[in-house]
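*Asks:* Structure provided below as structure tokens; questions to follow.
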Amino acid sequence: MTDYDVIVIGGGPAGLAAANAVSKDLRVLLLERENRLGGILKQCIHDGFGLVRFKEKITGPEYASRFINDLTDEIKVKTLAFVSRLEKREEDYRLIYVDREGLHTPTTKNIILATGCRERTRNQIFIPGNRGSGIYTAGTVQNLINLLGICPCKKPLILGSGDIGLIMARRLKLEGA
266 MTDYDVIVIG GGPAGLAAAN AVSKDLRVLL LERENRLGGI LKQCIHDGFG
316 LVRFKEKITG PEYASRFIND LTDEIKVKTL AFVSRLEKRE EDYRLIYVDR
366 EGLHTPTTKN IILATGCRER TRNQIFIPGN RGSGIYTAGT VQNLINLLGI
416 CPCKKPLILG SGDIGLIMAR RLKLEGA
């Protein structure tokens with residue numbers, strides 16, 4: 266017998282939705298490497314989320330909190346949990362992760378990988394050098410402004426005119442840049 270029916274790796278929007286979707290009558294473990302659930306939604310304070318699911322415009326943190334509030338008691342949540350290994354065995358999977366309480370090796374028949382995505386590195390977008398003073402990704406700027414209260418520049422130059430570029434232009438303008 267396994268420790269859990271399903272282990273979800275990642276506590277962002279996809280991980281929260283997946284854990285909620287499979288939790289009925291199943292033993293579910295949800296692992297998140299950060300100290301709070303919500304993933305990228307935590308730093309997206311602009312509205313526009315929730316139109317389809319909730320029929321209203323809400324911010325990223327509000328959207329995440331609705332998913333978090335929907336987590337059932339059947340879901341065991343571990344934050345600050347770093348998954349270091351995943352092993353396929355004959356009948357199941359064994360996961361190795363570390364958290365504040367130590368090393369854990371739960372088993373399961375089903376794993377959902379919901380680890381999100383990362384912005385491309387400087388080299389991947391052809392910015393030369395390895396010390397880009399004053400060059401930030403949109404995610405870094407969102408994190409600095411929305412979570413840490415730091416505006417990183419006064420005269421920004423934004424490369425890109427897609428959704429994120431426009432959101433960042435608006436946010437920096439609101440911050441006085």
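Our numbering runs 265 ahead of the 1-based position in the sequence shown.
Where is the CB? At the ideal position from N, CA and C, for every residue including glycine.
Predicted, not measured: the structure shown is a model, and the values here were computed from it.
Just verifying my parser: in three-state terms, what is the DSSP assignment at Asp428?
*Replies:* Here Asp428 sits in helix by DSSP.
*Asks:* Do Leu291 and Val273 have their C-beta atoms closer together than 8 Å?
*Replies:* Not in contact: Leu291 and Val273 (Cβ atoms no closer than 8 Å).
*Asks:* Specify the secondary structure class of Tyr328 as computed by DSSP and reduced to three states.
*Replies:* Helix at Tyr328.
*Asks:* With a threshold of 7 Å on Cβ separation, who are the neighbours of Arg365 within its own chain once the five nearest residues in sequence on each side are excluded?
*Replies:* Cβ neighbours of Arg365 beyond the five flanking positions: Leu345.
*Asks:* Can you find at least 3 beta carbon pairs, one from the segment 325 to 337 and one from the segment 280 to 295, that sit closer than 8 Å?
*Replies:* Yes: the two stretches touch, three or more of their Cβ pairs being nearer than 8 Å.
*Asks:* With respect to the alpha helix (DSSP H) encompassing Leu445, which residues constitute its N-terminal and C-terminal limits?
*Replies:* Since the first residue of the chain shown is 266 and the last is 442, residue 445 is not available in this structure.
*Asks:* Excluding sequence positions up to five away, which residues of its chain have a Cβ less than 6 Å from the Cβ of Ile415?
*Replies:* Same-chain partners within the cutoff: Leu409.
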